[in-house]
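Engineer:
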Amino acid sequence: MEKDIRIGQIEYFTLFVILRLFGFITFNGDGSTPINSPASLITQPLAALLAFGAFVIITKCVNRAEAESPIQLCYKPGKIFGIISAVIMCIASFMALVQVCHSFTKFFTMSAYPRASAIYFVLFLLAGAIYIEHMGIDSLSRLSNVLFFMLGFSVLILIMGLWRNIDALELITPLYDGTNAFMNSLVRAFADWGDILLMLGLLRYVSADGGKPAGYVFIIITVIAELLSFLLITVYGDYGKIHLFPVHSLFAAAEIWIPTRVDFLFMFLFLSACLVRATLYLTYMTYLIKTILPPERGKYASTVVAIAAGAVSLWLCGDRADTAGFMWIISSGIPLLIAAIVPTVIAYLYVAFGGRKRV
Amino acid sequence: MRRVLVCFICVFTLSGCLGGIEISRRGLVQVVGIDFEDGVYKLTLDVFDPSGQNDQNESGESQVVISAEGYTIAEAIDRASKMLGRVMFLGDSRAVVIGASAARERIGEVLRYLANNNDIYPQVVLLVADGEAKDIVSPKTEENQTVLSNALENITGATEFGDGVMRSDLLSVSKSYYAQGAGTAILKVKRRDEGDLVLFERDGAMLFREGRLIGSIDETEHLGLQIIKGEGKQAIVNVEDPVYGLTALEIKSVRTDITPRFVDDNVTFTVDVNVTFLLNELYGFDDGDLIRLSDLASKKIYADVYQSLDSAQKMGCDIFGLYRYVRFNNPFYWRFAAKNWPNILPYVTNELIVHTKVNRLGD
Chain A
4 MEKDIRIGQI
14 EYFTLFVILR
24 LFGFITFNGD
34 GSTPINSPAS
44 LITQPLAALL
54 AFGAFVIITK
64 CVNRAEAESP
74 IQLCYKPGKI
84 FGIISAVIMC
94 IASFMALVQV
104 CHSFTKFFTM
114 SAYPRASAIY
124 FVLFLLAGAI
134 YIEHMGIDSL
144 SRLSNVLFFM
154 LGFSVLILIM
164 GLWRNIDALE
174 LITPLYDGTN
184 AFMNSLVRAF
194 ADWGDILLML
204 GLLRYVSADG
214 GKPAGYVFII
224 ITVIAELLSF
234 LLITVYGDYG
244 KIHLFPVHSL
254 FAAAEIWIPT
264 RVDFLFMFLF
274 LSACLVRATL
284 YLTYMTYLIK
294 TILPPERGKY
304 ASTVVAIAAG
314 AVSLWLCGDR
324 ADTAGFMWII
334 SSGIPLLIAA
344 IVPTVIAYLY
354 VAFGGRKRV
Chain B
34 MRRVLVCFIC
44 VFTLSGCLGG
54 IEISRRGLVQ
64 VVGIDFEDGV
74 YKLTLDVFDP
84 SGQNDQNESG
94 ESQVVISAEG
104 YTIAEAIDRA
114 SKMLGRVMFL
124 GDSRAVVIGA
134 SAARERIGEV
144 LRYLANNNDI
154 YPQVVLLVAD
164 GEAKDIVSPK
174 TEENQTVLSN
184 ALENITGATE
194 FGDGVMRSDL
204 LSVSKSYYAQ
214 GAGTAILKVK
224 RRDEGDLVLF
234 ERDGAMLFRE
244 GRLIGSIDET
254 EHLGLQIIKG
264 EGKQAIVNVE
274 DPVYGLTALE
284 IKSVRTDITP
294 RFVDDNVTFT
304 VDVNVTFLLN
314 ELYGFDDGDL
324 IRLSDLASKK
334 IYADVYQSLD
344 SAQKMGCDIF
354 GLYRYVRFNN
364 PFYWRFAAKN
374 WPNILPYVTN
384 ELIVHTKVNR
394 LGD
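These protein sequences, in sequence, are chains A and B.
If you're matching positions, the first sequence starts at 4 in the working numbering and goes up one per residue.
If you're matching positions, the second sequence starts at 34 in the working numbering and goes up one per residue.
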């Protein structure tokens, strides 16, 4: 029997802002959305609009009055379809978890601790995520309010520290790199919204009317993304494109009187975003696995999943040529987006057009 | 029991950073001097010594200056670490001085190393030495122990002594260096010995493009460059007045509007400069005198800006960032012109318009 967990609307929103923040601050150009391209200032709001449309459609599919989650809807057409859907969502979530571990490790072993072994970082992150998952998502949701405040503060400091470096002449037409580059940027920005899988999955913890003002989440996230893109483009220009972690470089360049360097704020946000994302995906996977396996077998699901994700991310840390394609897929967000939309919509159509109902 | 175990494990994780290095084992590099000779990098590092065992400067800080060689900058820094027995940390560096030989032969490598090093602060001051960087970084004598990093920051205007100097930090230099078709300028510094006193002064700037030293500009052209960029606040402009003789005017504000025009694949820039001066003298100047001074200042600014534009254009080195105006106003033209911009630039024509105004104190 699952604990009766409730998340407030504000906590639900702040959780997702922090969750999406991960995509921006770990941006390093290898498959993720190029947030410093000329097109990004236009494609990000467009992608958010498309993602919001998808979110609204899926929330219409599930029965919000009964706090139904998309996976519960997927079990309505039949157990087999439900299990297949759960497996698809599990695989997508697992990829997201691997990506968090990989980005976390990559950043630390490439910038902060170049000589350290990757395994320590994977262990620390996953141990933290397992612990918070064990504590329950409500504790994480309360933490997200503090993190959201810190995010707002950091963005403010960033603007203050960089305003004299802003060069408006760097803002050129979004079609500068051609129509194909623009469309590519739009598709990738939309795919980055694959996190709506989690957003929908956790809706059941929020009160029945909680999903209605979800538009604010999309607006806040888009505003933050636009601000980061604006600063990256106007402060760094083409020079930003040679940086491995451009947002980190942005924080490093911000100059205020006291304490002069503010890249510690980036470290704080980076750690927080990784921990929140890893925990949320671990929690969601555990929930999905429990719908597939008998309750007694699902007891150690989170630990087993975390160990597997850690092992895969360590395997990927070598950045070998044969794993490049896999890395691109998991960092693109496409698997999450497919898992969020396809099974739920099929299940809804099946039920709506008179299919079997077996809960 | 489980909680006790968790708490016990947590205590071990509170012991500090992973692979942490004690402060006494750190070499906090304040100024880096980079020379290149016979295929080898020769680094001179001004290192802050937290143990306090070495010479103290006028601020009472202990400094040690060491030299190390290597085929790459990273190798030289590694050797310096081993020689001093401390891990060198460049995150505290306030200035990097590139020797004339390194600037001439290896500027691309040097900028790449600095830009890719995560420790180095992007706004660290970047200078090119008139001769060898080691002459700048190790100027100490028994009688004169200056805070070197402060002295170097002062001449670049990064402190309260800012006098309209162009920005010469890693971020601004790298940004224009890595922009396609553009060039970059780095301030030149030279050492002057006056008895036991060691002084540093600015001496124009060196121009670079695509990993090569293109040329240099003098102090007058440097002021022209500043004005084209809409900067130069607090710089002093001297004009020869027929009534009062040589008179100093301080630049109070600069606004420069650059508009490109495209006619038959040719670009023409209209450079409209508006400079307001402050006359730091209280008595003797009436409104007519101010108008006359304004006309004289206008001619001086016109000459400086024209000279600056002309010499950099002839070198095909876009240190003014004119390419940004072309790209902004006509991005599709720029897509084709970018690769060839250094060859196009000398043939670009400019229409220069200068407006000046001289204010008294309190105006």
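Glycine included, each C-beta is placed from N, C-alpha and C at the ideal position.
Note down, in chain order, every chain B residue with its Cβ under 7 angstroms from the Cβ of residue 139 (chain A).
Structural biologist: Here residue 139 (chain A) refers to the residue found at position 136 of the first sequence. Here the premise fails: no neighbours, minimum Cβ distance about 16 angstroms.
Engineer: Answer with yes or no whether the minimum CB distance from residue 310 (chain B) to chain A is below 9 angstroms.
Structural biologist: The residue labelled residue 310 (chain B) in the question sits at position 277 within the second sequence. With 9 angstroms as the cut-off, residue 310 (chain B) does not count as an interface residue toward chain A.
Engineer: Using the C-alpha atoms, what's the distance from residue 165 (chain B) back to residue 258 (chain B)?
Structural biologist: By 1-based counting over the second sequence, the position of residue 258 (chain B) is 225. By 1-based counting over the second sequence, the position of residue 165 (chain B) is 132. Cα to Cα, residue 258 (chain B) sits roughly 26 angstroms from residue 165 (chain B).
Engineer: For residue 233 (chain A) and residue 45 (chain A), what's the separation of their Cα atoms in angstroms?
Structural biologist: For the purposes of this step, residue 233 (chain A) is taken as the residue at position 230 of the first sequence. For the purposes of this step, residue 45 (chain A) is taken as the residue at position 42 of the first sequence. If you take the alpha carbons of residue 233 (chain A) and residue 45 (chain A), they lie about 11 angstroms apart.
Engineer: Determine which residues share a DSSP beta bridge with residue 74 (chain B) and list them.
Structural biologist: Here residue 74 (chain B) corresponds to residue number 41 of the second sequence, with the count starting at 1. In DSSP, residue 74 (chain B) forms a bridge with B:69 and B:103.
Engineer: Can you give me, in chain order, the residues of the segment 140-168 of chain A that have a beta carbon less than 9 angstroms from any beta carbon in chain B?
Structural biologist: Per Cβ criterion, the list reads 168.
Engineer: Pop quiz: residue 268 (chain B) and residue 284 (chain B) are said to be a contact at Cβ under 8 angstroms. What is the actual Cβ separation, rounded to whole angstroms?
Structural biologist: As a working note, residue 268 (chain B) is residue 235 in the second sequence. As a working note, residue 284 (chain B) is residue 251 in the second sequence. Confirmed, Cβ separation roughly 5 angstroms.
Engineer: The alpha helix (DSSP H) with residue 223 (chain B) in it runs from where to where?
Structural biologist: The residue you call residue 223 (chain B) lines up with position 190 of the second sequence. Segment 217-227 is the beta strand (DSSP E) holding residue 223 (chain B); no alpha helix (DSSP H) there.
Engineer: Could you name the residues that DSSP lists as bridge partners for residue 376 (chain B)?
Structural biologist: Residue 376 (chain B) sits at position 343 when you count from the first residue of the second sequence. DSSP output for residue 376 (chain B) lists no bridge partner at all.
Engineer: Compare the C-beta of residue 212 (chain B) against all C-beta atoms of chain A and say whether one is closer than 9 angstroms.
Structural biologist: In the second sequence, residue 212 (chain B) corresponds to position 179, counting from 1. For residue 212 (chain B), the answer is yes, since a Cβ of chain A falls inside 9 angstroms of its Cβ.
Engineer: In terms of DSSP beta bridges, what is residue 240 (chain B) paired with?
Structural biologist: Along the second sequence, read from residue 1 onward, the residue named residue 240 (chain B) stands at position 207. DSSP output for residue 240 (chain B) lists B:218 and B:248 as bridge partner(s).
Engineer: With 9 angstroms set as the bound, which would you pick, yes or no: does the beta-carbon of residue 148 (chain B) sit closer than that to a beta-carbon of chain A?
Structural biologist: Stepping through the second sequence from its first residue, residue 148 (chain B) is reached at position 115. Closer than 9 angstroms to some Cβ of chain A, the Cβ of residue 148 (chain B) qualifies, so yes.
Engineer: Closer than 9 angstroms between beta carbons: that is the criterion. Which residues of the segment 341-353 of chain A meet it against chain B?
Structural biologist: Listed by position, the residues of the segment 341-353 of chain A near chain B (Cβ gap below 9 angstroms) amount to none.
Engineer: What in chain A is Cβ-close to residue 364 (chain B), meaning under 7 angstroms?
Structural biologist: As a working note, residue 364 (chain B) is residue 331 in the second sequence. By Cβ distance, chain A contributes 175, 176 and 179.
Engineer: Could you tell me whether the segment 343-358 of chain A touches the segment 132-145 of chain B, using the rule of 3 or more Cβ pairs below 8 angstroms?
Structural biologist: Touching, no, given that fewer than three Cβ pairs across the two stretches are closer than 8 angstroms.
Engineer: Kindly indicate the opening and closing residues of the beta strand (DSSP E) around residue 128 (chain B).
Structural biologist: By 1-based counting over the second sequence, the position of residue 128 (chain B) is 95. Looking at the DSSP string, the run of the beta strand (DSSP E) that includes residue 128 (chain B) is 128-131.
Engineer: What do you get for residue 166 (chain A), buried or exposed, if any count of 16 or more other CB atoms within 10 angstroms of its CB means buried?
Structural biologist: Here residue 166 (chain A) corresponds to residue number 163 of the first sequence, with the count starting at 1. Residue 166 (chain A) comes out exposed.
Engineer: Can the beta-carbon of residue 22 (chain A) be found closer than 9 angstroms to that of residue 201 (chain A)?
Structural biologist: As a position in the first sequence, residue 22 (chain A) is number 19, starting the count at 1. As a position in the first sequence, residue 201 (chain A) is number 198, starting the count at 1. In contact: residue 22 (chain A) and residue 201 (chain A) (Cβ atoms closer than 9 angstroms).
Engineer: Indicate whether at least one CB of chain A lies closer than 9 angstroms to the CB of residue 375 (chain B).
Structural biologist: Taking the second sequence and counting its residues from 1, the one referred to as residue 375 (chain B) is at position 342. For residue 375 (chain B), the answer is no, since every Cβ of chain A falls outside 9 angstroms of its Cβ.
Engineer: Between residue 154 (chain B) and residue 278 (chain A), what straight-line distance do the alpha-carbon atoms span, to the nearest angstrom?
Structural biologist: As a working note, residue 154 (chain B) is residue 121 in the second sequence. As a working note, residue 278 (chain A) is residue 275 in the first sequence. Cα-Cα distance, rounded: 27 angstroms.
Engineer: Taking C-alpha atoms, which residue in B:272, B:237, B:371 and B:325 lies nearest to residue 300 (chain B)?
Structural biologist: Numbered from its first residue, the second sequence carries residue 300 (chain B) at position 267. Taking only the C-alpha atoms, the option nearest residue 300 (chain B) is B:371.
Engineer: Span of the alpha helix (DSSP H) holding residue 387 (chain B)?
Structural biologist: For the purposes of this step, residue 387 (chain B) is identified with residue 354 of the second sequence, where counting begins at 1. Premise fails: residue 387 (chain B) lies in the beta strand (DSSP E), 382-393, not in any alpha helix (DSSP H).
Engineer: When the Cα atoms are used, what is the spatial distance from residue 112 (chain B) to residue 208 (chain B)?
Structural biologist: Taking the second sequence and counting its residues from 1, the one referred to as residue 112 (chain B) is at position 79. Taking the second sequence and counting its residues from 1, the one referred to as residue 208 (chain B) is at position 175. So the two alpha carbons sit approximately 30 angstroms from each other.
Engineer: Using a Cβ-Cβ cut-off of 6 angstroms (strictly less than) and excluding sequence neighbours within five positions of residue 86 (chain A), which residues of its own chain qualify?
Structural biologist: Here residue 86 (chain A) refers to the residue found at position 83 of the first sequence. Excluding positions up to five away in sequence, the list reads 295.
Engineer: CB-CB under 6 angstroms to residue 152 (chain B), same chain, minus the five flanking residues each way: which ones, in chain order?
Structural biologist: Residue 152 (chain B) sits at position 119 when you count from the first residue of the second sequence. Cβ neighbours of residue 152 (chain B) beyond the five flanking positions: 123 and 124.
Engineer: What residues in the segment 295-314 of chain A bring their beta carbon closer than 8 angstroms to a beta carbon of chain B?
Structural biologist: If the cut-off is 8 angstroms between Cβ atoms, the segment 295-314 of chain A has nothing near chain B.
Engineer: So what's residue 218 (chain A) in DSSP terms, helix, strand or just coil?
Structural biologist: Position 215 of the first sequence, counted from the first residue, corresponds to residue 218 (chain A). If DSSP states are grouped into helix, strand and coil, residue 218 (chain A) belongs with the helices.
Engineer: So, for residue 293 (chain B): in the same chain, excluding its five sequence neighbours on each side, which residues have a beta-carbon less than 6 angstroms away from its beta-carbon?
Structural biologist: Mapped onto the second sequence, residue 293 (chain B) falls at position 260. Closer than 6 angstroms at Cβ, skipping near neighbours: 300, 302, 358, 359 and 362.
Engineer: Where DSSP assigns a beta bridge to residue 401 (chain B), which residues make up the other side?
Structural biologist: Outside the displayed span of chain B (34 to 396) sits residue 401 (chain B), for which this structure offers no information.
Engineer: In the DSSP assignment, find the unbroken alpha helix (DSSP H) run with residue 167 (chain B) in it and report its ends.
Structural biologist: Taking the second sequence and counting its residues from 1, one reaches residue 167 (chain B) at position 134. Element bounds for residue 167 (chain B): 166-170.
Engineer: Does the segment 88-108 of chain A touch the segment 304-312 of chain A, meaning 3 or more C-beta pairs lie closer than 8 angstroms?
Structural biologist: Contact holds: three or more Cβ-Cβ distances are below 8 angstroms.
Engineer: Apart from the five residues on each side of it in sequence, which residues of its chain come closer than 8 angstroms, Cβ to Cβ, to residue 225 (chain B)?
Structural biologist: Taking the second sequence and counting its residues from 1, one reaches residue 225 (chain B) at position 192. Counting only Cβ-Cβ distances below 8 angstroms, and skipping sequence neighbours, we find 231, 232, 233 and 234.
Engineer: Chain B partners of residue 136 (chain A), CB-CB under 7 angstroms?
Structural biologist: What you label residue 136 (chain A) is simply residue 133 of the first sequence in a count that begins at 1. Correct list: empty, because the minimum Cβ distance to chain B is about 15 angstroms.
Engineer: Can the beta-carbon of residue 73 (chain A) be found closer than 9 angstroms to that of residue 346 (chain A)?
Structural biologist: Counting from one through the first sequence, the residue named residue 73 (chain A) turns up at place 70. Counting from one through the first sequence, the residue named residue 346 (chain A) turns up at place 343. Yes, the Cβ-Cβ distance between residue 73 (chain A) and residue 346 (chain A) is below 9 angstroms.
Engineer: Between the Cα of residue 29 (chain A) and the Cα atoms of A:62, A:105, A:11 and A:283, which residue gives the shortest distance?
Structural biologist: Position 26 of the first sequence, counted from the start, is the residue given in the question as residue 29 (chain A). Of the candidates A:62, A:105, A:11 and A:283, the one whose C-alpha sits nearest the C-alpha of residue 29 (chain A) is A:105.
Engineer: Mark residue 279 (chain B) as exposed unless 16 or more other C-beta atoms lie within 10 angstroms of its C-beta, in which case mark it buried.
Structural biologist: As a working mapping, residue 279 (chain B) is identified with position 246 in the second sequence. It counts as exposed.
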